[in-house]
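Report on the structure given below.
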Amino acid sequence: MTQIKKFFPYLIAVLAAFLILGIALWVLKFNPLKAYQTLLFTSFRTPNGFIQTLLKWIPLTLVALAFTVPLSSGKFNIGAEGQMLVGAIGAAAVGILGRDLPPALLLPLVILAGMLAGAFWGLIAAWLLYQFNINEILSTVLLNFISFALIDFVATGPWRDPAAGHPTTVPIGEGGFLPMLVKNPPLHSGLIIAIVVAVAIYFFTSKTSAGYELVVTGANPRASKVHGIDIRKMFLFSMVIGAAAAGLAGAIEVSGVHHRLIEGLHSNFPTLGLIIGLMARGKNQVVPFVAFFIAILEVGGSAMQRTIMVPVQIVLIMEALILIFILLADIIKRRQK
Amino acid sequence: MTGLEATITGFLKLTFLSMVPFVLASQGTMLGGRTGVFNVAQEGIMLVGASVGFLVSYMTGSNLLGAVVAMAVGGLFGLLLAYFTTTLKMDQFVVGLALFFIGMGLSSLLPKLAIGITLTPPVIPTLPDVAVPLLNKIPFIGPILFNQNILVYISVLASIGLWYILFHTNMGLRLRSVGENPKAADALGINVVRNRYLTSIVGGMFIGLAGAYLPMVYTGTFTDLMTKGRGWIAIALTFFGGWSPIPILLGSLFFAAIEVLAFRFQVGGSFIPYQFLIMLPYIATIVVMIFSFGKARPPAFLGQNYDRERRTL
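Sequences listed follow chains G and R, in order.
This note's numbering applies: residue 2 is where the first sequence begins, and numbers increase by one.
This note's numbering applies: residue 11 is where the second sequence begins, and numbers increase by one.
As structure tokens, then:
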């Protein structure tokens, strides 16, 4: 009962956002009921819809964790975009250079390279914070823009696939492909990796002493410092872990979905990752569920654009509205206490 | 005029022209920050400003009206930020990010609803150069400084105006005190809430205008995500400028020079791959932050909400 009571204000928040946007859709002469039907049920109508949703859930969960893990220590990592892209570059580089290696060797190397490359990209921002006290919001965003140029450089460089119109590299070795869980429509085993990572992060932050130090740092940096926690190290550590998760997302996109590096493979995942992380209000264990909800909206949103011509940008606005209403629900809850 | 002189004149003229969005957005950020409202929605507000400014100009044929509406929308975002943070006491970063998403979504949605998808992109006339009589006849400096579009002059004059208001008027002193110590300011009878609303709204107007500048001067049309991180760079420049109008103006000028230089090399061709030239402004920002962070102190209450009923600050 208390669980329901706790959840209830957020449900109202979501409904309020739907209501407001429904009115907007109606004013714009779209049929809101039909729009919402498409938005919410496309994921469950066909096996393909469900698998598309899972395929979006994988990177969404990982990039959202890239935001919430540093947030556990009180730091805002806005750089999941860059970390994901650099992770994808690392994974693709290893996959192309080692294309003749057997799967038992190449696959772990590709995944590991993605994580390490992402972690490295996060480490730059973390180090700037540690060494020079540079605001991490700024450094991570600037690194995003640097990574866009970097991926363009790699995808149009010597590895470029001349047959592709869009900046794309040649495929990685087949040994680096993630095995498929379902052949048709394709669902790769990155799903399992993402689940394992989400569970591991939950255990780490809520059941281990190192994870506890991390969370305490975020809750009260001053008290943590007084009690002998090196909070600046905690900032560094949490940023790198988060960045590794984003890098992993990039590696999975390369190894599971595209089998090559494609400019723009990050799609809008990193932005949604921020929204998911904020909707989950920084709670690592809530992230996978919110990510699933957002994945449903994303799959439904593109279906909505295809079938009844509602511009897909509506979905981003709806997600931002839901976020604001969820935050408002928090305020109301606090006032009632 | 020799070839070299023409090159230098052209380069400097373009630098002053490119400085404007940075100046406007950074001054807007600075203004809000001076009372403690730390806006991180610049990128979204600039995008909305660009989108709305373009659409209104396109539909009415008046760039002035477009700019005014862009400012009004920017001010509306500033108002929302102030309401959620100052009145409802929500976290400033979180609200800022949410407004950024809304701005980003609206900016690409509005042109699709208003114009739809066309084969050739709809265009508006870009702002013409306005020569300042007499001054534009000064050799070398004249063509660079006094033959620019109107917003170049406005951005410089606004920076000087902000400097004067903040550091040489009573109102400026009150504004700054709210950002440094709201409790003390409150005790002195300064209206903390009103000052925060005021600076957040006016700051948002500056940022909206900064966005409208892009289609009105650079491209003549709106393209998705056309701000390319300028909003985020503006925050960095605000820190770099020590939350002070004149250093912000100079910092923006320096940054614009790097941007123009990178662009020139890109077009002119060079031994460095062009992607690394694209990176240059962002790397420069990071380097600049290394040297400026920790030196100039931001307002003490930057990013923190003020609760009158709380005992401790």
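Built from N, CA and C at the ideal position, the CB exists for glycine as well.
Nearest neighbour of residue i, chosen from the options [CA to CA]
i	options	result
R44 (chain R)	R:M181, R:L290 and R:S262	R:M181
G152 (chain R)	R:I293, R:Y174, R:F301 and R:F26	R:F26
A266 (chain R)	R:V58, R:Y292 and R:G213	R:Y292
I79 (chain G)	G:A127, G:P109 and G:F154	G:A127
V202 (chain R)	R:T70, R:N49, R:R318 and R:V79	R:R318
S118 (chain R)	R:T237, R:T179, R:V162 and R:I154	R:T237
G166 (chain G)	G:A156, G:E320, G:E175 and G:F236	G:A156
Y223 (chain R)	R:L161, R:I175, R:V104 and R:I300	R:L161
Q53 (chain G)	G:L66, G:H189, G:K76 and G:G75	G:H189
Q38 (chain G)	G:K7, G:E320, G:I327 and G:G301	G:G301
I243 (chain R)	R:T19, R:F48, R:L22 and R:P31	R:P31
A82 (chain R)	R:T96, R:V66 and R:S165	R:V66
F133 (chain G)	R:I164, R:Q314, R:S302 and R:R307	R:S302
A94 (chain G)	G:S207, G:I125, G:S256 and G:I138	G:S256
F77 (chain G)	G:L56, G:L22 and G:I135	G:I135
V15 (chain G)	G:M319, G:F146 and G:S207	G:M319
T19 (chain R)	R:F156, R:V79, R:Y174 and R:I55	R:F156
G84 (chain R)	R:S72, R:L98, R:M114 and R:T97	R:M114
Y131 (chain G)	G:Q306, G:D231, G:L12 and G:L298	G:D231
A120 (chain G)	G:A292, G:A150, G:E82 and G:L55	G:E82
A67 (chain G)	G:A281, G:R335 and G:Q337	G:A281
A252 (chain G)	G:I97, G:F51, G:L29 and G:P10	G:I97
H260 (chain G)	G:V198, G:A92, G:L329 and G:S225	G:A92
P143 (chain R)	R:P131, R:Q158 and R:V133	R:Q158
M305 (chain G)	G:K7, G:F42, G:A25 and G:P10	G:F42
P187 (chain G)	G:L139, G:I202 and G:V258	G:V258
Y93 (chain R)	R:I211, R:G199 and R:L259	R:I211
V188 (chain R)	R:T209, R:K23, R:L145 and R:L75	R:T209
P309 (chain R)	R:L22, R:G42 and R:K23	R:G42
A150 (chain G)	G:G265, G:V64, G:A220 and G:F238	G:G265
R223 (chain G)	G:A25, G:G75, G:L40 and G:K6	G:G75
L233 (chain G)	G:G243, G:T218 and G:I242	Per the sequence presented here, residue 233 (chain G) reads as Arg, with Leu not at that position. For R233 (chain G), the nearest C-alpha among the options comes from G:T218.
I134 (chain R)	R:R186, R:A168, R:A77 and R:W173	R:A77
L260 (chain R)	R:S169, R:V47 and R:F110	R:S169
Identity of the residues DSSP links to residue i by a beta bridge
i	result
I263 (chain G)	G:T169
V183 (chain G)	G:L188
R161 (chain G)	G:T170
V227 (chain R)	None, per the DSSP bridge assignment.
A141 (chain R)	R:N157
Exercise for the section: Could you run through the stretch 117 to 151 of chain R and flag, in chain order, every residue whose CB is less than 7 Å away from some CB of chain G? Expected result: Answer set for the stretch 117 to 151 of chain R: S118, L119, K122 and L123.
Exercise for the section: Residues of the stretch 237 to 249 of chain R with a CB closer than 8 Å to any CB of chain G: list them in chain order, please. Expected result: Residues of the stretch 237 to 249 of chain R that bring their beta carbon within less than 8 Å of a beta carbon in chain G comprise K238, G239, W242, I243, I245, A246 and F249, in sequence order.
Practice task
Could you tell me whether the stretch 243 to 262 of chain G touches the stretch 84 to 92 of chain G, using the rule of 3 or more Cβ pairs below 8 Å?
Solution key: The stretch 243 to 262 of chain G, when compared against the stretch 84 to 92 of chain G, does touch it at the 8 Å Cβ threshold.
Problem - Near-chain R residues of the stretch 306 to 319 of chain G (beta-carbon distance less than 7 Å), N- to C-terminal order - result: Residues passing the 7 Å Cβ filter: P312, Q314, I315, L317 and I318.
Practice task
Taking only beta carbons into account, state which residues of the stretch 268 to 288 of chain G come closer than 8 Å to chain R, listed in chain order.
Solution key: So the list reads T272, L275, I276 and L279, given in the order they occur along the chain.
Handout entry: Stretch-stretch touch, CB-based, cutoff 8 Å, three pairs: the stretch 84 to 101 of chain R with the stretch 200 to 218 of chain R
Key = As far as the Cβ criterion goes, the stretch 84 to 101 of chain R touches the stretch 200 to 218 of chain R, which means the pair count is three or higher.
Exercise for the section: Would you list, in chain order, the members of the stretch 88 to 113 of chain G that have their beta-carbon closer than 7 Å to a beta-carbon of chain C? Expected result: Within the model displayed, chain C is absent; protein chains G and R are what it includes.
Handout entry: Sequence ranges, beta strand (DSSP E) only - wholly within the stretch 144 to 180 of chain R, length at least 3
Key = Given a length threshold of 3 residues, each whole run of the beta strand (DSSP E) inside the stretch 144 to 180 of chain R is given here in chain order: 157 to 159.
Exercise for the section: Output the residue ranges of the beta strand (DSSP E) runs that lie fully inside the stretch 28 to 76 of chain G and measure 3 residues or longer, sorted by chain position. Expected result: As far as the stretch 28 to 76 of chain G is concerned, it has no whole beta strand (DSSP E) run of at least 3 residues.
Problem - Stretch pair the stretch 263 to 282 of chain G + the stretch 314 to 331 of chain G: three plus CB contacts closer than 8 Å - result: Three or more Cβ pairs drawn from the stretch 263 to 282 of chain G and the stretch 314 to 331 of chain G lie within less than 8 Å of each other, which places the two stretches in contact.
Handout entry: Short-range partners of chain R found in the stretch 166 to 196 of chain G, where Cβ spacing is below 7 Å
Key = Those residues of the stretch 166 to 196 of chain G placed with their C-beta closer than 7 Å to a C-beta in chain R do not exist.
Problem - Interfacial residues, the stretch 131 to 144 of chain G to chain R, with Cβ spacing under 9 Å - result: Contacts with chain R (Cβ-Cβ distance below 9 Å) from the stretch 131 to 144 of chain G involve Q132, F133, N134, I135, N136, I138, L139, S140, V142, L143 and L144, listed in chain order.
Exercise for the section: Return the residues of the stretch 197 to 224 of chain R that lie within a Cβ-Cβ distance of less than 9 Å from chain G, sorted by chain order. Expected result: Near chain G, meaning a CB-to-CB distance below 9 Å, no residue of the stretch 197 to 224 of chain R qualifies.
Handout entry: Validate contact between the stretch 169 to 178 of chain G and the stretch 105 to 114 of chain G using beta carbons, cut 8 Å, 3 pairs
Key = The count of Cβ pairs closer than 8 Å, one atom from the stretch 169 to 178 of chain G and one from the stretch 105 to 114 of chain G, reaches three, so the stretches are in contact.
Practice task
Note down, in chain order, all residues in the stretch 272 to 294 of chain R with a beta-carbon under 8 Å from any beta-carbon belonging to chain G.
Solution key: If the cut-off is 8 Å between Cβ atoms, the stretch 272 to 294 of chain R has P283, Q285, F286, I288, M289, Y292 and I293 near chain G.
Practice task
Mind checking the stretch 43 to 58 of chain R against chain G and listing, in chain order, the residues whose C-beta falls within less than 7 Å of any C-beta there?
Solution key: Residues are counted here when their Cβ sits less than 7 Å from a Cβ of chain G; for the stretch 43 to 58 of chain R these are V50, given in chain order.
Exercise for the section: Pair every Cβ in the stretch 262 to 278 of chain R with every Cβ in the stretch 43 to 60 of chain R, then say whether three or more of these pairs are closer than 8 Å. Expected result: Look at the beta carbons and you see the stretch 262 to 278 of chain R not touching the stretch 43 to 60 of chain R: under three pairs across the two are nearer than 8 Å.
Practice task
Take every Cβ of the stretch 138 to 153 of chain G, pair it with every Cβ of the stretch 115 to 127 of chain G, and state whether three or more of those distances are shorter than 8 Å.
Solution key: With the cut-off at 8 Å, the stretch 138 to 153 of chain G and the stretch 115 to 127 of chain G touch.
Problem - Chain-ordered residues of the stretch 84 to 108 of chain R with a beta carbon less than 7 Å from chain G - result: Residues L98, M100, F103, V104, L107 and A108.
Exercise for the section: Would you check if the stretch 246 to 262 of chain R and the stretch 32 to 41 of chain R touch, i.e. whether three or more CB-CB distances between them fall below 8 Å? Expected result: Yes: at least three Cβ pairs fall under 8 Å.
Handout entry: Interfacial residues, the stretch 13 to 29 of chain G to chain R, with Cβ spacing under 8 Å
Key = Taking 8 Å as the Cβ-Cβ cut-off against chain R, the residues of the stretch 13 to 29 of chain G that qualify are L29.
Practice task
Indicate whether the contact test is met: 3 or more Cβ pairs, each with one atom in the stretch 221 to 235 of chain R and one in the stretch 111 to 129 of chain R, closer than 8 Å.
Solution key: In this structure the stretch 221 to 235 of chain R touches the stretch 111 to 129 of chain R; the number of beta carbon pairs closer than 8 Å is three or more.
Exercise for the section: Output, in sequence order along the chain, the residues in the stretch 255 to 273 of chain R whose CB is closer than 8 Å to any CB in chain G. Expected result: Of all residues in the stretch 255 to 273 of chain R, none has a Cβ within less than 8 Å of some Cβ in chain G.
Practice task
For the stretch 226 to 275 of chain G, list the beta strand (DSSP E) runs that are entirely contained and at least 3 residues long, ordered along the chain.
Solution key: Whole beta strand (DSSP E) segments, 3+ residues: zero.
Practice task
Jot down the residue ranges of each uninterrupted beta strand (DSSP E) in the stretch 278 to 304 of chain G, minimum 3 residues, whole runs only, in chain order.
Solution key: Here no run is fully enclosed.
Exercise for the section: Evaluate the contact criterion for the stretch 284 to 301 of chain G versus the stretch 41 to 56 of chain G: three or more CB pairs, one atom per stretch, below 8 Å. Expected result: Contact between the stretch 284 to 301 of chain G and the stretch 41 to 56 of chain G is present, because at least three Cβ pairs lie under 8 Å.
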